[in-house]
C-alpha cells in the first residue's frame, strides 16, 4: 500500500512539474512572438524612408518618359 502511495505522489509531482514547465515555455514563446511583432523605431523609420524614396523614384520615372 505504501508503494502505491509513493508512486501516486511521484506521478502527481511529475504532472505538476510538467504543467509548470509547459506554462513557462508557453509564456516564453508568447513573449518572443510579441517581441517579433514589435518593430524597432529606427527600423520603422528606415522602412518609411525607403518607401518614400521608392515612391519618388517611380513618380520621377513616369514624368521623365
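Residue numbers (my numbering): 810 to 874.
We put the CB at the ideal spot given by N, CA and C, even for glycine.
For clarity, every value in this text was computed on a predicted model and none was experimentally measured.
Could you tell me the alpha carbon to alpha carbon distance between residue i and residue j, rounded to whole angstroms?
| i | j | result |
| --- | --- | --- |
| residue 866 | residue 858 | 12 Å |
| residue 844 | residue 853 | 14 Å |
| residue 868 | residue 860 | 12 Å |
| residue 815 | residue 824 | 14 Å |
| residue 817 | residue 835 | 27 Å |
| residue 812 | residue 849 | 57 Å |
| residue 821 | residue 841 | 30 Å |
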